[in-house]
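> The structure follows.
2 protein chains.
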Amino acid sequence: MATLADVARRAGVSPATASRIINGSSKPVTDALRERVLAAVEELQYVPNAHAQLLARSHRSAIGVIVHDVSDPYFAEITRGLQRVATDHGRLVIICNSYRDPVKELEYVELLRAHQVAAIVLAGSGYHDEEFTKALDTKLHVYERTGGRVAVIGRHEHAGDAVVPDNEMGGYLIASELYALGHDRIGVIAGPKLLTTTTDRLAGMRRAAREHGHKLPARRIEYADFDRGSGAAAAAALLDAEPDLTAIAALNDSMAIGALALLRSRGITVPDQMSVVGFDDMPVARDVTPALTTVRLPLADMGERAMTLALDEHRDGQGPRIEEVGAELIRRDSAGPPR
Amino acid sequence: MATLADVARRAGVSPATASRIINGSSKPVTDALRERVLAAVEELQYVPNAHAQLLARSHRSAIGVIVHDVSDPYFAEITRGLQRVATDHGRLVIICNSYRDPVKELEYVELLRAHQVAAIVLAGSGYHDEEFTKALDTKLHVYERTGGRVAVIGRHEHAGDAVVPDNEMGGYLIASELYALGHDRIGVIAGPKLLTTTTDRLAGMRRAAREHGHKLPARRIEYADFDRGSGAAAAAALLDAEPDLTAIAALNDSMAIGALALLRSRGITVPDQMSVVGFDDMPVARDVTPALTTVRLPLADMGERAMTLALDEHRDGQGPRIEEVGAELIRRDSAGPPR
DNA sequence: GGTGCCTAGGAAAGCGCTTACCTAATGAAA
DNA sequence: TTTCATTAGGTAAGCGCTTTCCTAGGCACC
């Protein structure tokens, strides 16, 4: 690998001059030298060593992002928003998938800190795990104290700035919709029990139930993994245990689609024999049949806002900023009155 | 930020000893010192500066991956395979989205080189652009010459090792299926004209057409962008220009789904009034109605194989290794005999 | 022609770490 | 007792770059 010294030698200048020419410092340099150096760069196919540069300038620029899984459409959408803002500011984004593993999340915070990122954005649900939450909080605080910026999406239990979707309201909206349509025996396909997102969405559903004089009995709740396969399995379990259900609410669209697939395989028509609602309004929700009634969260927008918070250096130290974003019911064809 | 020197000072040892303890060198160290150093690390919340480490060891370990867009399910699946193998080998993966922009692709090769990655994996179609292809090839060669490893997925025009899906065969399979069902007026929703993937898949369709004594006239081919929206638009254009089509073949599933949506909006039933086939067999293909007949490419597997090639240091210099992977027709419900 | 000021370019001191090499102390062998 | 391995730990030289500070030359001015 050619180094800056090689380039300088070849051009017959000092490394200092070569450096100044190569990344345009404010120091003026004669055109003759400039050309010689640029020619040397070209001939040697020189690319500066990013680590050496970062070390020498000791100036943080990249942004670290920790998500559960970028290939999950939910996070893909958030990431899109994050990237857009970062790119506008000329910042590089380093993405880490925690695959919903708290331990990995902690490791990644450390890794990003080691890589001297200017900010860490943490997207995805929090965990019901006191010990982990405290550990993460400590790590983030340490990072902030040494000049790092932190922004979280979808969790409120940490100190940094936050963008929090109104999961509770979303749960309230889907449940209210079903009760309003006349359903009262509603099965729920929830997400992992460990996640606060699951709890929050369920809480909203419970509030709607109370308002409509109903309950959400535990036997009508199945916990799954926020993916299609487990959604289908949970739907099967629900149907077997409670054959008289008239509606199924899944706490995300992937699981709702899994449920739809299962119902189809059992010859149960939607929405005639069974209503189904999802959550998140991912793009596919429009393409399944029947098109999914769901709740929309402005995911890309949330990403943009979180990145904006993370990049905003002028924090006048007046405590964490919390931006709440609303949920919106999207009525499509998968929910109707009970037969 | 605490540095190694701080830790050493606090523990009353030299930086060398601290370094050896912190990342377990082979040098033996007394337990007493070890404990003092570890305590200091804990107290100072010390995290080594990754750039300084990388610079000092000048030993490349991370792997760079350039894809068109990770949030596109096609690349998400490939990336999953790449990550799995990389993780197994304890390698960090840096993912870059080129958004199908050749210029960005070149820039990212440079960036990854600057970051001293051990290998670069380039996934996604090649471009019909002589100048760019040559420029990329040069850059990759330079990188290889300085000890970097290169593996590409889905393009054959570069020197490194390659995993190439049989796009031509895939095109042949979907077209053959339609001809066998009795269709002869087939509309094609192609991908961007600039991409070799588009050309290859079309070539396969043309071969099938010839074998069945048909043609694929240019007026029945619409070029779109491999996404849902443009697929729907292309379907509309096709229908308007050629009202007597009996089948539409889209060169990926997203566009096929877009076409399905458009047909539904026009009240055209699938497969009765119109057959539709896709390409790639993304997970959603099963969930749309009717379930999509398509061609499966083992995407995650391709990712695994490419990463394996990239990590394999023992190249005995016997030229690039090319691994071909097959395409498989998946019959579902969206294609049937013409009415 | 001397003084001072501005300028382009170079010398060198780091950035935070790793590691080859050296040293001092210990114990075993003679 | 002397000699020599052997060992734990320290010293210092980089890794490849940036940037501060300095120098030497050129110019205008008196």
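Chains as they are written, first to last, in the numbering used here: chain A, 139 to 477; chain B, 139 to 477. Glycine included, every Cβ here is placed at the ideal spot set by N, Cα and C.
Under 8 Å, CB to CB, which of the residues in the segment 214-228 of chain A have a partner in chain B?
Ala214, Glu215, Thr217, Arg218, Gln221
> Going by beta carbon distance, what residues of the same chain come within less than 7 Å of Ala375(A), once the five residues before and after it are set aside?
Glu360
> Arg229(B) and Ala438(B) look like a contact to me (Cβ under 8 Å); what is the Cβ gap, rounded to whole Å?
Contact flag wrong, Cβ pair sits at about 17 Å.
> Just curious, the beta strand (DSSP E) that Pro186(B) is in, first and last residue?
First-last for Pro186(B): undefined, no H or E at that position.
> Please identify the residue among Thr334(B), Ile324(B), Gly369(B), Asp338(B) whose C-alpha is closest to the C-alpha of Ala347(B).
When each option's Cα is compared against that of Ala347(B), the closest is Ile324(B).
> Determine the burial state of Ile460(B): buried for a count of at least 16 other Cβ atoms within 10 Å of its Cβ, exposed for fewer.
exposed
> Name, going along the chain, the residues of the segment 192-205 of chain A whose beta-carbon falls closer than 8 Å to a beta-carbon of chain B.
Leu192, Leu193
> Cα-Cα, which of Ile406(B), Ser209(B), Pro381(B), Gly342(B) is closest to Ser236(B)?
Minimum Cα distance to Ser236(B) is reached at Ser209(B).
> What's the gap between the Cα of Leu383(A) and the Cα of Arg477(B)?
39 Å
> I need the boundaries of the beta strand (DSSP E) containing Val479(A), first residue and last residue.
Outside the modelled stretch of chain A, which goes from 139 to 477, sits residue 479(A), for which no answer is possible.
> Report the three-state DSSP secondary structure of Asp207(A) (helix, strand or coil).
coil
> Could you check how far apart the C-beta atoms of Leu447(B) and Asp299(B) are, in whole angstroms? I think they sit under 8 Å.
4 Å
> Using the DSSP secondary-structure output, state which residues sit across from Ile312(A) in a beta bridge.
DSSP, once it has assigned bridges, lists no residue as partnering Ile312(A).
> Taking DSSP as the reference, what is the three-state secondary structure of Asp299(B)?
If DSSP states are grouped into helix, strand and coil, Asp299(B) belongs with the strands.
> Is it the case that the segment 188-207 of chain B contacts the segment 178-186 of chain A, given that we only count it when at least three CB pairs across the two stretches are under 8 Å?
Result no; under three Cβ-Cβ pairs closer than 8 Å.
> Which of the residues in the segment 288-306 of chain B, read from start to end, lie with their CB under 9 Å from any CB of chain A?
none
> Residues of chain A with CB closer than 8 Å to the CB of Pro421(B), please, in chain order.
Arg366
> Using a Cβ distance threshold of 8 Å, determine whether the segment 272-281 of chain B contacts the segment 299-311 of chain B, with at least three qualifying pairs required.
no
> Considering only C-alpha positions, which residue in the set Gly474(A), Phe364(A), Arg443(A) is nearest to Asp207(A)?
Phe364(A)
> Comparing alpha-carbon positions, which option in Glu462(A), Val463(A), Val433(A) lies nearest Arg470(A)?
Val433(A)
> Give the residues from the segment 352-379 of chain B that approach chain A closer than 9 Å (Cβ to any Cβ), ordered along the chain.
Result list: Arg366.
> From the beta carbon of Ala252(B), is the nearest beta carbon of chain A less than 7 Å away?
yes
> Compare the C-beta of Ser413(B) against all C-beta atoms of chain A and say whether one is closer than 7 Å.
The Cβ of Ser413(B) sits no closer than 7 Å to any Cβ of chain A.
> Output the boundary residues of the alpha helix (DSSP H) element that contains Glu462(B).
Run containing Glu462(B): none in the alpha helix (DSSP H); it sits in the beta strand (DSSP E), 460-463.
> Can the beta-carbon of Thr271(A) be found closer than 7 Å to that of Glu295(A)?
yes
> Quick one: which chain A residues come within Cβ less than 7 Å of Met139(B)?
For Met139(B), the chain A residues whose C-beta falls within less than 7 Å of its own C-beta are Thr284, listed in chain order.
> Got a sec? Which residues, its chain only, sit under 6 Å from Tyr281(B) by beta carbon, not counting five neighbours each side?
Around Tyr281(B), the same chain offers Arg251 as residues with beta carbons nearer than 6 Å, after the five sequence neighbours per side are excluded.
> What would DSSP say about Leu333(A), mapped onto helix, strand or coil?
strand
> Note down the Cα distance separating Gly150(A) from Leu332(B), rounded to an integer number of angstroms.
44 Å
> Please report whether the beta-carbon of Asp425(A) lies at a distance below 7 Å from any beta-carbon of chain B.
Using beta-carbon distances, Asp425(A) counts as an interface residue toward chain B, with a partner under 7 Å.
> Give the range of the beta strand (DSSP E) segment to which Glu466(A) is assigned.
Glu466(A) -> beta strand (DSSP E) spans 466-468.
> Taking the continuous beta strand (DSSP E) assigned at Asp432(A), which residues delimit it?
The question names Asp, but residue 432(A) in the sequence shown is Thr. Element bounds for Thr432(A): 432-434.
> So which residues of chain A does Val280(B) contact, with C-beta pairs closer than 8 Å?
Gln183
> For Ala356(B), count neighbouring C-beta atoms within 10 Å of its own C-beta (all shown protein chains included) and say buried if the count is 16 or more, exposed if not.
exposed
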